[in-house]
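Going by the UniProt record's numbering, the residue at position 128 of the sequence shown is 128; the numbering climbs one at a time, nothing skipped.
Using N, Cα and C, we set each Cβ at its ideal position, and we do this for glycine too.
Bear in mind that the values here come from a model prediction, so they are computed numbers and not experimental data.
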Amino acid sequence: MLKKENQNLEIDNLDIDILKQLMQDATKPYTEIAKDLIVSGGTIHVRMKKLHEMGIIKGSHLIIDPQKAGYDICAFLGIYLEKGIQYKDAVAQLSKIKEVVELHYTTGSYSMFAKIICRDTNHLRHVLNEEIQAVEGIQRTETLISLEESIRRQIEL
């Protein structure tokens, strides 16, 4: 059984097997999963409902390849805030910038760490100078450009 420290959430081996199959292919029909795991389709539906209610499953989404969609630059941005109290306001403003695809509140040198996706270096320059630097509370940023994504995966159950 898998237990989460802060909550008394328990999932069993069937739940884990269902999650493993859906993590490999989120479009796989419940009937196929049921057949593979030798249970009824209704059991899969009930288990999925439980996993959603527990917050273990937060939804499903389509993954596109940004480069093939015309977005050739992936950059990581260390963001320094003037004051920590400005965090929530900065998040609200940064959430409006569509190129910001991930944002984390961090310890260490940076106040926040962001992942941004842009079409090219001119687009990156515009996003950095005209949009992100214009966010109230951001003191300065450090940009790291990704040359290649070598690993992308979810946690393995």
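Legend entry - Those runs of the alpha helix (DSSP H) which lie wholly inside the UniProt domain "HTH asnC-type" (11-72) and span at least 4 residues: 13-24, 30-37, 41-53
Inset, instruction - Work out the CA separation of G108 and A34 for me, nearest whole Å. - result: Our two residues, A34 and G108, have alpha carbons roughly 46 angstroms apart in a direct line.
Inset, instruction - May I ask you to report which of helix, strand or coil DSSP gives K88? - result: helix
Legend entry - Distance, G42 Cα to I73 Cα: 44 angstroms
Inset, instruction - Return the CA-CA distance between E5 and I56, expressed in angstroms with no decimal places. - result: Reliability fails at E5, whose pLDDT of 42 lies under 50, so the model's placement of it is uncertain and the value that follows must be treated cautiously. So the alpha carbons of these two residues sit roughly 14 angstroms apart.
Legend entry - Residue nearest to Y105 in terms of C-alpha spacing, selected from K98, D89, C118: D89
Legend entry - Anticipated Cβ contact below 8 angstroms, Y80 with Q133, distance rounded: That belief does not hold up - the Cβ atoms of Y80 and Q133 are roughly 11 angstroms apart, past 8 angstroms.
Inset, instruction - Label V46 either buried or exposed according to how many other C-beta atoms from any shown protein chain fall within 10 Å of its C-beta, with 16 as the threshold for buried. - result: V46 is exposed by the Cβ-count criterion.
Inset, instruction - To the nearest angstrom, report how far apart V135 and E82 are at their CA atoms. - result: 11 angstroms
Legend entry - Buried/exposed call for A92, threshold 16 Cβ in 10 Å: If you draw a 10 Å sphere on the C-beta of A92, you find fewer than 16 other C-beta atoms in it, and that means exposed.
Legend entry - E130 - DSSP class collapsed to helix/strand/coil: helix
Legend entry - Own chain partners of T143 with C-beta closer than 7 angstroms, once the 5 adjacent residues on each side are dropped: Counting only Cβ-Cβ distances below 7 angstroms, and skipping sequence neighbours, we find A75, L77, L128.
Inset, instruction - Taking the CB atoms as reference points, tell me whether Y71 and I117 lie closer together than 8 angstroms. - result: I117 sits close to Y71, with the two beta carbons spaced by under 8 angstroms.
Legend entry - Beta-carbon gap between Y30 and I44 smaller than 8 angstroms: Yes, the Cβ-Cβ distance between Y30 and I44 is below 8 angstroms.
Legend entry - Cross-strand partners of G78 (DSSP beta bridge): F113, E142
Legend entry - Distance, I63 Cα to R119 Cα: 17 angstroms
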